[in-house]
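Report on one structure; see the data block that follows.
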DNA sequence: ATTGACGCTTGATGCATGTCAACTTGAGTT
DNA sequence: AACTCAAGTTGACATGCATCAAGCGTCAAT
């Protein structure tokens, strides 16, 4: 991404590779001091805000190639927790060293700005989703997003396993588990998907994307505020 | 904020100050090329995503001291539009120059990371709000936020004018105008506020903050997913 | 194989909030 | 003043989705 080979090497040298982590392991917990960013190599991770009395709000799912912890730079302290959803390989990037390195490599610094900015843009998309879209559009958007993110990594955009539970999907999308379950059933009935537990086959990706693109399916429009 | 006087001067020298802008003026529109960040000096600005057929989703309100345009760094192109809500003084910071400057001032670079990170953290708060909170909690959170942001700038935390319409508040909070209106009325009946058009007096700030802090008021709890 | 726990699905019901409609108010214009 | 128009308020009604409840498949441990 526009870095000299020598710089890539320098960057590589500060990255820590840990042994594979397993389902349920934490990368960090809310309240801990922020030291490193984490990059998913393989597997998947969820970030969530533990709320009082056991409830939790899922803030995001992180697939290979994606970065975790950007929100903690500001306060030098993690506001959320990150938990591994399946056996995963994660790289740790000590932030202070990274920052020193970025100072001497302008193009790295620029990439970092872009990365942070991209995250902000994605959050804005999510805001729009939660603010304006109905249940059906939300799940369609979620599946479209999974599809495109996986295909970016060379995986099938139409055949994949969801490492998160229905409950976690619901929390992420601001829906009840039951609603998510019903929608999976409906999407299958409508010939959009074939679903078996965590295994999803997308049969009609364009239709899903259309649905996600804020075009209510029923003739009845709601939340047009 | 940890910058040498000399560096502050250098930063100052790249900032453009424009004549005051007026209600309805645009800082930029979605699709335009990204060149500068904007800092609100006085007044207020809203950012919004124009959707097809005239509808718009309000993405944020920006008060004095706050920065606009961070989401556009990634694609070098604005994804949303920014419109001035009242007569305002706005500073323009050409981003390319800023970036060059940051390269030679490590502490400025660090501040920039913090700024971007902070934005991400705030978006996460908003995600939580839209995903989990009911109408009452949302408006309480909105008012608490306005209160604290204004007081940071030395303005009254309990007596202020809202420069945005009820419709815009509704769009921002994912609620219908009517719901917002009813809530203002209810808050007033409950002795939390005194409201007259755009003028708001907060009579019981702690109660508002309590309400916003994801504690459902009615005994009936909902959206505990 | 049995048990238990958990995640998922499905149906029935209720409520919060969206939608529709009518009215009021305030601000600007003539 | 009288008029106009947008913004806000309020009431009546409709509905999408949460909630409650029950049942079922799956998996791990015994």
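Protein chains in written order, with our numbering: chain A, 2 to 226; chain B, 2 to 226.
C-beta atoms are modelled at their ideal positions from N, C-alpha and C, and glycine is treated no differently.
Helix, strand or coil at residue i [DSSP, three-state]
{"i": "residue 35(A)", "result": "coil"}
{"i": "residue 22(B)", "result": "strand"}
{"i": "residue 89(A)", "result": "strand"}
{"i": "residue 219(A)", "result": "Bear in mind that a pLDDT of 42 at residue 219(A), under 50, signals an unreliable position, so the number given afterwards is only what the model happens to contain. Coil at residue 219(A), not helix or strand."}
{"i": "residue 225(B)", "result": "Caution applies to residue 225(B), whose pLDDT of 44 falls short of 50 and renders its modelled position unreliable; the model cannot decide the point."}
{"i": "residue 121(A)", "result": "helix"}
{"i": "residue 152(B)", "result": "helix"}
{"i": "residue 84(B)", "result": "strand"}
{"i": "residue 4(B)", "result": "coil"}
{"i": "residue 95(B)", "result": "strand"}
{"i": "residue 208(B)", "result": "helix"}
Whole-angstrom C-beta distance between residue j and residue i, which should lie under 8 Å
{"i": "residue 141(B)", "j": "residue 213(B)", "result": "4 Å"}
{"i": "residue 72(A)", "j": "residue 122(B)", "result": "4 Å"}
{"i": "residue 62(B)", "j": "residue 162(B)", "result": "Contact flag wrong, Cβ pair sits at about 13 Å."}
{"i": "residue 47(A)", "j": "residue 86(A)", "result": "6 Å"}
{"i": "residue 50(A)", "j": "residue 129(B)", "result": "6 Å"}
{"i": "residue 137(A)", "j": "residue 184(A)", "result": "6 Å"}
{"i": "residue 204(B)", "j": "residue 195(B)", "result": "6 Å"}
{"i": "residue 110(B)", "j": "residue 103(B)", "result": "4 Å"}
Residue i: contacting residues in chain A (beta-carbon distance under 8 Å)
{"i": "residue 191(B)", "result": "Result: empty, since nearest Cβ-Cβ is about 24 Å, beyond 8 Å."}
{"i": "residue 88(B)", "result": "Under the 8 Å cutoff, chain A gives no residues; its nearest Cβ is about 27 Å from residue 88(B)."}
Neighbouring residues, chain B, relative to residue i (Cβ below 7 Å)
{"i": "residue 127(A)", "result": "128"}
{"i": "residue 14(A)", "result": "Correct list: empty, because the minimum Cβ distance to chain B is about 20 Å."}
{"i": "residue 111(A)", "result": "100"}
{"i": "residue 58(A)", "result": "129, 132, 133"}
{"i": "residue 71(A)", "result": "118, 121"}
Buried versus exposed call for residue i [16 or more other C-beta atoms within 10 Å across all chains shown]
{"i": "residue 167(B)", "result": "buried"}
{"i": "residue 225(B)", "result": "Unreliable positioning characterises residue 225(B) in this predicted model, as indicated by a pLDDT of 44, which lies under 50. A coordinate reading is not provided."}
{"i": "residue 27(A)", "result": "exposed"}
{"i": "residue 153(B)", "result": "exposed"}
{"i": "residue 25(A)", "result": "exposed"}
{"i": "residue 19(A)", "result": "exposed"}
{"i": "residue 191(B)", "result": "exposed"}
{"i": "residue 5(B)", "result": "exposed"}
{"i": "residue 75(B)", "result": "buried"}
{"i": "residue 169(B)", "result": "buried"}
Under 9 Å by beta carbon: chain B residues contacting residue i
{"i": "residue 23(A)", "result": "Going along chain B, no residue has its Cβ under 9 Å from residue 23(A), so there is no contact; the nearest lies around 26 Å."}
Residue from the options with nearest C-alpha to residue i
{"i": "residue 3(B)", "options": "106(B), 28(B), 68(B)", "result": "106(B)"}
{"i": "residue 22(A)", "options": "12(A), 51(A), 39(A)", "result": "39(A)"}
{"i": "residue 101(A)", "options": "98(B), 95(B), 114(B), 99(B)", "result": "114(B)"}
{"i": "residue 209(A)", "options": "84(A), 159(A), 7(A), 155(A)", "result": "159(A)"}
{"i": "residue 14(B)", "options": "92(B), 49(B), 56(B)", "result": "92(B)"}
{"i": "residue 147(B)", "options": "45(B), 18(B), 36(B)", "result": "45(B)"}
{"i": "residue 88(A)", "options": "64(A), 127(A), 186(A)", "result": "64(A)"}
{"i": "residue 58(B)", "options": "37(B), 84(B), 66(B)", "result": "84(B)"}
{"i": "residue 77(A)", "options": "82(B), 116(B), 186(B)", "result": "116(B)"}
{"i": "residue 177(A)", "options": "29(A), 97(A), 56(A)", "result": "56(A)"}
{"i": "residue 30(B)", "options": "200(B), 79(B), 188(B)", "result": "79(B)"}
{"i": "residue 12(B)", "options": "99(B), 81(B), 68(B), 52(B)", "result": "99(B)"}
{"i": "residue 157(A)", "options": "171(A), 202(A), 193(A)", "result": "202(A)"}
Neighbour list for residue i in chain B, Cβ cutoff strictly below 8 Å
{"i": "residue 80(A)", "result": "122, 125"}
{"i": "residue 115(A)", "result": "74, 75"}
{"i": "residue 50(A)", "result": "125, 129"}
Interface residues of chain A facing residue i [CB-CB closer than 7 Å]
{"i": "residue 107(B)", "result": "104"}
{"i": "residue 119(B)", "result": "75"}
Under 9 Å from the C-beta of residue i: neighbouring residues of chain A
{"i": "residue 31(B)", "result": "Going along chain A, no residue has its Cβ under 9 Å from residue 31(B), so there is no contact; the nearest lies around 11 Å."}
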